[in-house]
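As they're listed, the protein sequences go chains C and P. The first sequence begins at 1 in our numbering and counts up by one. The second sequence begins at 1001 in our numbering and counts up by one. The block underneath contains the structure these notes are about, expressed in C-alpha cells.
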Amino acid sequence: EDQVTQSPEALRLQEGESSSLNCSYTVSGLRGLFWYRQDPGKGPEFLFTLYSAGEEKEKERLKATLTKKESFLHITAPKPEDSATYLCAVSQGAQKLVFGQGTRLTINP
Amino acid sequence: KAGVTQTPRYLIKTRGQQVTLSCSPISGHRSVSWYQQTPGQGLQFLFEYFSETQRNKGNFPGRFSGRQFSNSRSEMNVSTLELGDSALYLCASSLAPSGGYNEQFFGPGTRLTVL
Chain C
1 EDQVTQSPEA
11 LRLQEGESSS
21 LNCSYTVSGL
31 RGLFWYRQDP
41 GKGPEFLFTL
51 YSAGEEKEKE
61 RLKATLTKKE
71 SFLHITAPKP
81 EDSATYLCAV
91 SQGAQKLVFG
101 QGTRLTINP
Chain P
1001 KAGVTQTPRY
1011 LIKTRGQQVT
1021 LSCSPISGHR
1031 SVSWYQQTPG
1041 QGLQFLFEYF
1051 SETQRNKGNF
1061 PGRFSGRQFS
1071 NSRSEMNVST
1081 LELGDSALYL
1091 CASSLAPSGG
1101 YNEQFFGPGT
1111 RLTVL
C-alpha cells in the first residue's frame, strides 16, 4: 500500500533559522512527488513537482529535492509569512494523490 | 486566470440529510478530483472525473457520489449524512489525466458541518 510519511509533525523556528522538512514514501512506479502549502481554512497551494531522483527545484526561500525514498523541503532564512502547513503527496499513475499528514511550520519573528 | 471555485464555502446540515457541493475548474482544465480533509485522516482521495466519466474512486462508501458536466464543472453529493462526514471538501483541477504527472490545483474548499 502506498504510504507517505512527513516529519516532523510540527516545527517552530525563529525568523532566519533555516531547516528542512522530510517526506518519505513507499510507492511503486512513482510518477510525481508534489509539495503544497496550506494556510488555515484554505485549499492547498501548489509549490513544486519532482519527477526523478536527483531533481531539485527552487522558489524564493524554498528548495525541494528528491531521492528514491524521500524528499526534502529546505527553507532558507524563513520569514513569519512562511508559517503554514506543508503537504507532500505522491502519484502512481492515476489522478489520485496520496498525501502525507503534513508538517505544521511556525516562524516566530 | 481565475482559479478553482467551489460553492458554497460553508454548509451546516443535520444527520440524515443530503448535500450537493459544486466545483468549477480552471478554464481549460478538464480533469476534476475531489478530496476530503479531516484533522484525523488528513487529505483523502474521493474520486476523479474526466470527460463526464468517473476514472478513479477512493475508499469511501456509496453515499458519496459525483458527476461532471460537459463544461467540466463537477458536483459531488453525499446522501444520508453522518456526523463523521463533517470535513473540508476540496476540489482540484488539472489539464487532463496524465498518468499522475500533472499538477493538481485546489479550490478553497467547502466546509461541511453535520449536526
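Every residue, glycine too, gets a C-beta built ideally from N, C-alpha and C.
1) Quick one, are the C-beta atoms of residue 1031 of chain P and residue 1096 of chain P less than 8 Å apart?
2) Quick one: list the residues of chain C neighbouring residue 941 of chain P, beta-carbon separation under 8 Å, in chain order.
3) Any C-beta of chain C within less than 8 Å: which residues of the stretch 1007-1039 of chain P qualify?
4) Tell me whether residue 1114 of chain P, by its Cβ, gets closer than 7 Å to a heavy atom of the ligand PLP.
5) Whether or not the stretch 1103-1111 of chain P and the stretch 46-57 of chain C are in contact is what I'm after, with contact meaning three or more pairs of Cβ atoms, one per stretch, closer than 8 Å; do they touch?
6) Out of C:58, C:79, C:102, C:7, state which residue places its alpha-carbon closest to the alpha-carbon of residue 86 of chain C.
7) Using a cut-off of 9 Å between C-beta atoms, extract the partners of residue 1056 of chain P located in chain C.
8) According to DSSP, is residue 1048 of chain P part of a helix, a strand, or is it coil?
9) Use the C-beta contact count for residue 78 of chain C: other C-beta atoms within 10 angstroms, 16 or more gives buried, fewer gives exposed.
10) Take residue 5 of chain C as the anchor and find which of C:25, C:21, C:12, C:108 has the nearest alpha-carbon.
11) If the cut-off is 8 Å on Cβ atoms, which residues from the stretch 7-21 of chain C count as contacting chain P, listed in chain order?
12) What distance in whole Å lies between the Cβ atoms of residue 16 of chain C and residue 93 of chain C, which are believed to be in contact at a cut-off of 8 Å?
13) So who's on the other strand from residue 13 of chain C, going by DSSP bridges?
14) Give the residues of chain P in contact with residue 49 of chain C, contact being defined as C-beta atoms less than 7 Å apart.
15) With 8 Å as the threshold, decide whether the Cβ of residue 43 of chain C is near any Cβ in chain P.
16) Which residues in chain C have a C-beta closer than 7 Å to the C-beta of residue 1097 of chain P? List them in chain order.
Well, looking at it:
1) yes
2) Residue 941 of chain P lies beyond the range of chain P shown here (1001 to 1115); nothing can be said about it.
3) Listed by position, the residues of the stretch 1007-1039 of chain P near chain C (Cβ gap below 8 Å) are 1031, 1033, 1035.
4) Of ligands this structure carries none, so the ligand PLP is not represented either.
5) yes
6) C:102
7) 94, 95, 96
8) strand
9) Around the beta carbon of residue 78 of chain C, 16 or more other beta carbons lie within 10 angstroms, which makes this residue buried.
10) Checked all of C:25, C:21, C:12, C:108; the closest Cα to residue 5 of chain C is C:25.
11) none
12) Not quite, the Cβ-Cβ distance comes to about 41 Å (not below 8 Å), so this is no contact.
13) C:107
14) 1103
15) yes
16) 95
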